[in-house]
Amino acid sequence: MTEIPVIYFLWASAALFATGFTIMVLKRNAIFILMGIELMLNAANLNLIAFSRQDDAQQGLMMGIFVLVVGVCEMAIALSIIIQVYRQFQHIEVGKFESHN
Amino acid sequence: MTPILLSFLALVILTCGSGLAMLFTRNILHAALAMFMCMLGLAGLYVIAYADVMAVSHLMIYVGGVLILILFGIMLTTQQSRETNGKNHLWVEQRSFIWSAAVGLSIFIALIYVFSGMDWQLHVVGNDQSKLRDVGVALLTKYAFPFELVGVYLLIALVGATYIAKRND
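Residue numbers (this note's numbering), protein chains in the order written: chain A, 413 to 513; chain B, 8 to 176.
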């Protein structure tokens, strides 16, 4: 069985990371920015998994599982903050927040 | 062109193509759909990297959990927008495309440059057995403390998210 070289995984994750970063700086909707951050997190995770193939102890795989949980926590907290921000300002357009008092 | 390389290419095209679709669309609901396709492709990539447990848990958590959470977030924060073209009101504002694309492209080129400067001829421990048993044993022996810690962390984060999102009036 032929193996995929690890550099291919690195290229794919580089493309995914750059896409996520571009989404993060391009969009003004807070949820959209969050989706870009999630894409970057997954790109880093793909690297961990790809390197874990070279490891008998599979430390990258375990690290990836913990990263998954941390990503879920980040998502839950961030979305609840966004909902609270929406209650305060009636919109979630980053850069258009103005203080009421 | 072996079949595994072909499937790898197809999955990479699915993943990066949906990422680019997320980038180019201005409808946030279409972006959520593209993110779903992206997560499917990523799970396939994990399978090719011999991490079947990771693929399944990734699918369960991201498609089943995070994406639903994002959809709820979109639904709860939809505004009655200015553009009423009869279809939907989910268009999002953007910054200047040129500068963002320039920054993203330069990050991509820098990453490719850094990755290409290294000799990655590493030894692949190619066992195509399922990793489920290894992961389960490792989680309860070697990684028992991080496992418990991350569980408590998840509990704290979810309780905190519920508390933050509650209506305080």
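Each residue gets a CB set at the ideal place from its N, CA and C atoms; glycine is no exception.
Restricting to Cα atoms, I'd like to know which of the options is closest to residue i.
| i | options | result |
| --- | --- | --- |
| residue 57(B) | 421(A), 438(A), 507(A) and 508(A) | 421(A) |
| residue 85(B) | 418(A), 501(A) and 448(A) | 501(A) |
| residue 21(B) | 115(B), 81(B), 42(B) and 98(B) | 42(B) |
| residue 71(B) | 44(B), 59(B) and 55(B) | 44(B) |
| residue 459(A) | 445(A), 418(A) and 507(A) | 418(A) |
| residue 11(B) | 51(B), 101(B) and 74(B) | 51(B) |
| residue 144(B) | 493(A), 494(A), 469(A) and 510(A) | 469(A) |
| residue 456(A) | 506(A), 425(A), 467(A) and 441(A) | 425(A) |
| residue 79(B) | 494(A), 451(A), 477(A) and 482(A) | 494(A) |
| residue 162(B) | 508(A), 485(A) and 439(A) | 485(A) |
| residue 155(B) | 447(A), 416(A), 471(A) and 478(A) | 478(A) |
Using the beta-carbon count (16 or more within 10 Å), is residue i buried or exposed?
| i | result |
| --- | --- |
| residue 128(B) | exposed |
| residue 151(B) | exposed |
| residue 120(B) | exposed |
| residue 113(B) | exposed |
| residue 147(B) | exposed |
| residue 39(B) | buried |
| residue 169(B) | exposed |
| residue 125(B) | exposed |
| residue 67(B) | exposed |
| residue 8(B) | exposed |
| residue 115(B) | buried |
| residue 17(B) | exposed |
Taking a contact to mean a Cβ-Cβ separation below 8 Å, would you say residue i touches residue j in this structure?
| i | j | result |
| --- | --- | --- |
| residue 434(A) | residue 107(B) | yes |
| residue 443(A) | residue 77(B) | yes |
| residue 175(B) | residue 98(B) | no |
| residue 54(B) | residue 138(B) | no |
| residue 102(B) | residue 437(A) | yes |
| residue 487(A) | residue 73(B) | yes |
| residue 461(A) | residue 476(A) | yes |
| residue 507(A) | residue 440(A) | yes |
| residue 118(B) | residue 430(A) | yes |
| residue 432(A) | residue 451(A) | yes |
| residue 492(A) | residue 171(B) | yes |
Does the beta-carbon of residue i, which I'm using as the reference point, lie nearer than 7 Å to any heavy atom of the ligand GTP?
| i | result |
| --- | --- |
| residue 103(B) | Judged by which ligands are present, the structure shown has none, so any question about the ligand GTP falls away. |
If I'm right that residue i touches residue j with Cβ under 8 Å, what's the distance once you round it to whole angstroms?
| i | j | result |
| --- | --- | --- |
| residue 164(B) | residue 489(A) | 6 Å |
| residue 454(A) | residue 428(A) | 7 Å |
| residue 81(B) | residue 47(B) | Rounded, the Cβ-Cβ distance is 20 Å, inconsistent with contact. |
| residue 480(A) | residue 14(B) | With a Cβ gap of about 23 Å, residue 480(A) and residue 14(B) do not count as contacting. |
With 8 Å as the threshold, decide whether the Cβ of residue i is near any Cβ in chain C.
| i | result |
| --- | --- |
| residue 148(B) | In the structure shown, chain C cannot be found, because the protein chains are A and B. |
Within the segment 50-120 of chain B, ranges of the alpha helix (DSSP H) (whole runs, at least 4 residues): 59-65 and 74-83
Alpha helix (DSSP H) runs contained entirely in the segment 415-484 of chain A, provided each spans 4 or more residues: 418-438 and 442-464
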